[in-house]
Every structure is written in structure tokens, then in C-alpha cells.
Amino acid sequence: MNKATDSQLIELYSSAHGTVFQCDRTHKIIVNFGGISTSFRIQNFLNFKKMVDSVDIHSMIFNLSDDFDYGLIDAPNADTRYRLTLCEILHLRELLEGARFALYVEQTISEIFEELV
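In our numbering, the protein residues as written are -19 to 97.
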């Protein structure tokens, strides 16, 4: 985890499989999933989400080769590599999509308030 205190972390989204926080002090997104905590700048977080979304689920389901039992995903600008099963990829997709939606809502509300001022 980073050096931020808990009071600086805002929970963006949580599921039974992980939690995503935003740090007020560092302006980073912190993903806790599968026992791994990874910190991202917002653009890297969005790139990571695209990488997770691009995993070919269909091939993992229907290909009987051992090569398709796990997906490997490298976190951008982090020394973290996720080795995930099909179910873990689906759980991570849900977690990242929930966090991305929370960021979108936060941005939209900020833009509305700026227009009102």
C-alpha cells in the first residue's frame, strides 16, 4: 500500500472480491484485489481496465489447452503482474467497472457544480 493514511482514502467501489480507493493526497487509484494492492495514476488505471476488458473470455472458456487456464495481465507502470483464472478476471472486471463508473459520476458532478458557480 502507499504511504497515505486511511483518512485520505475514499472508497470508490467495493465487492466481495476487492476494493478500489482514491487517495486525496496522491491523486492515485489503489486497487486491492486477490491479496495484491496496486497504485495507479488515473490514466494508468483506465489503461489497466482496458487490458483486463480485452482478455478473450471466449477463448478461455472453450479452449481446452492449459495455456488458456490463466490470463496474465501486467499493470501499467507498476511492477505487478496478475495471473488470473477466468472467474478472477470476471471479478476484476466487475470491480474495475464499478470504480470507473464512480469516477465518471464524480467527474460529472464536479462539472455540474462548476457550471453552477
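The C-beta atom is built at its ideal place from N, Cα and C for all residues, glycine as well.
The structure presented is a predicted model; accordingly, all values stated were derived computationally and were not measured.
Cβ neighbour criterion (16 or more within 10 Å) applied to residue i
i, result
"residue 85", "exposed"
"residue 0", "buried"
"residue 18", "buried"
"residue -8", "buried"
Beta carbon of residue i nearer than 8 Å to that of residue j
i, j, result
"residue 66", "residue -5", "no"
"residue 64", "residue 72", "yes"
"residue 69", "residue 32", "yes"
Nearest-angstrom beta carbon gap, residue j and residue i [assumed within contact, 8 Å]
i, j, result
"residue 2", "residue -10", "5 Å"
"residue 79", "residue 20", "No, residue 79 and residue 20 are not in contact; Cβ-Cβ is about 10 Å, not under 8 Å."
"residue 56", "residue 12", "The Cβ separation is near 17 Å, so there is no contact."
"residue 48", "residue 40", "5 Å"
Residues sharing a beta bridge with residue i, DSSP
i, result
"residue 63", "52"
"residue 13", "-2, 16"
"residue -11", "3"
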